[in-house]
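For reference, the structure discussed in these notes is given below.
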Ligand code: SF4
Ligand code: SF4
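Residue numbers (the working numbering): 1 to 387.
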């Protein structure tokens, strides 16, 4: 593995103690090369606040999910206690944790033109997150997803503990990255092959109805194998940046494909850039930000770590294409997305989707309490093989 060093305030990372003398000598030789033109640094006039805004959005979403989780747990316990004790309504937001239901319901909508009745919120949230990706790259992953937030904090913990993270070498990195697309292809093939009737029967089956309860039970009654796998992923995430997201998450793979259509991208102004390479070193997706003029990659999650690390005025931005034939000062005028604007677009989409679903009566799964009473306490006994 290749070691990557860095620090929290994005000042030039200290050279890794393990870096070979040869690599250092090559770097110095390159810096001294007569062919390499030194550019004058025009320092930023305003500090970049992207990471503060993004972290606020991340923790707000973690808090929202924690609230949904507690409410859902209380709802499940009510039925497990035989409909006694404190009753709270089922929070439909829990459907956001059912991405496969979201995919199935979206396919059902596309096939029949009808909004599904079981876990409709899964579909609305899924479509909202896809729209977010089409407009703002994979912003969902780095601004909202609680798993992404956990993953990011694990690699930052690793960097604090060991003063470095590790990059898996390209010969292994590329085939590993393919894994998440293979998983996505499997789900797409499986769900794509289901008829509307089969989708309706599956989602309306006892198993489909309590898919959320089964998910909760998975964490409540976790077996040794599952605990070891999750523990292993957590440990790997300490050493390798965003291990789960980079290699295994099919949801991120799908959003990455959608993000290729995004008109907003990380864009580098070659004239303003001083070729310091800080952006590339800061990028958790290991993208060559310092060598490209725009980042098209499906791996870019719009985290803006690169923008935060850049010291030069107007050299790097999350932006629409620059104005053509404009002077340097005018080139990015009304083209750059301020982090607060990114957060606002994300909030508009998220709240807009919830509002549309609620106002059309398609947010809640509307089933009588008697159905839940007969299913929730027995969720563990239900298997999808039976349906
Ligand atoms: S290119 Fe910039 S925005 Fe994209 S993943 Fe890398 S650091 Fe984040
Ligand atoms: S765009 Fe990257 S290489 Fe260019 S000045 Fe900014 S941080 Fe340095």
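Here a beta-carbon is modelled for each residue, glycine too, at the ideal position from N, C-alpha and C.
- If you measure from each CB to the nearest heavy atom of ligand 2, the residues under 7 angstroms come out as 268, 273, 274, 275, 276, 277, 278, 279, 280, 289, 290, 306, 309, 310, 311, 312, 315, 316.
- In this structure the region 287–300 does not lie against the region 148–161, because fewer than three pairs of beta carbons, one per stretch, are closer than 8 angstroms.
- If you compare the alpha carbons of 107, 173, 376 with that of residue 246, the shortest gap goes to 173.
- The continuous alpha helix (DSSP H) containing residue 343 extends over residues 339–359.
- Around the beta-carbon of residue 334, fewer than 16 other beta-carbon atoms lie within 10 Å, marking it exposed.
- Under the 8 angstroms Cβ criterion, the region 209–221 counts as touching the region 76–96, having at least three qualifying pairs.
- For the pair residue 300 and residue 221, the Cα-to-Cα distance works out to about 35 angstroms.
- Looking at the DSSP output, residue 240 bridges to 166.
- Comparing alpha carbon positions, the residue from 326, 328, 314, 154 closest to residue 337 is 314.
- At a threshold of 7 angstroms, residue 165 does not count as near ligand 1, since its beta carbon sits no closer than that to any of the ligand's heavy atoms.
- In the DSSP annotation of this structure, the continuous segment of the beta strand (DSSP E) that includes residue 265 starts and ends at 265–268.
- With the rule of 3 Cβ pairs closer than 8 angstroms, the region 303–312 does not count as touching the region 251–262.
- Within the region 186–232, the alpha helix (DSSP H) runs of at least 4 residues that lie entirely inside it are, in chain order, 196–204, 206–209, 211–220.
- Look at residue 43 here: in three-state DSSP terms it is strand.
- Residue 298 has its Cβ no nearer than 7 angstroms to any heavy atom of ligand 1.
- With a threshold of 16 other beta carbon atoms within 10 Å, residue 235 falls short and is exposed.
- In this chain, the alpha helix (DSSP H) harbouring residue 369 covers 369–375.
- Placement of the Cβ of residue 230 at a distance of 7 angstroms or more from every heavy atom of ligand 1 is found.
- Per the coordinates, the alpha-carbon of residue 310 lies some 52 angstroms from the alpha-carbon of residue 198.
- Residue pairing from DSSP places residue 138 in a beta bridge opposite 136.
- Checking the 7 angstroms criterion, the Cβ of residue 242 is out of range of every heavy atom belonging to ligand 1.
- When DSSP states are grouped into helix, strand and coil, residue 86 belongs to the coil group.
- One alpha carbon belongs to residue 331, the other to residue 296, and they sit about 20 angstroms apart.
- Pairing residue 267 with residue 319, the inter-Cα distance amounts to about 6 angstroms.
- Exclusion of the five residues before and after residue 109 leaves 115, 116, 123 as the residues of its chain whose Cβ lies within less than 8 angstroms of its Cβ.
- In chain order, 93 place their CB closer than 8 angstroms to the CB of residue 64, counting only its own chain and leaving out the 5 sequence neighbours on each side.
- A Cβ-Cβ separation of about 12 angstroms leaves residue 144 out of contact with residue 345 under the 8 angstroms criterion.
- A contact is defined here as three or more CB-CB pairs under 8 angstroms, and the region 43–61 fails this definition with respect to the region 70–87.
- Distances from the alpha-carbon of residue 350 to those of 226, 43, 126, 279 put 126 closest.
- Taken from the Cβ of residue 136, every heavy atom of ligand 1 lies 7 angstroms or farther away.
- Around the beta carbon of residue 243, a 10 Å sphere encloses 16 or more other beta carbons of the protein chains shown; the residue is thus reported as buried.
- Of 273, 281, 153, 260, the smallest CA-CA separation from residue 237 is found for 153.
- Of the candidates 52, 233, 104, 200, 52 places its Cα closest to the Cα of residue 343.
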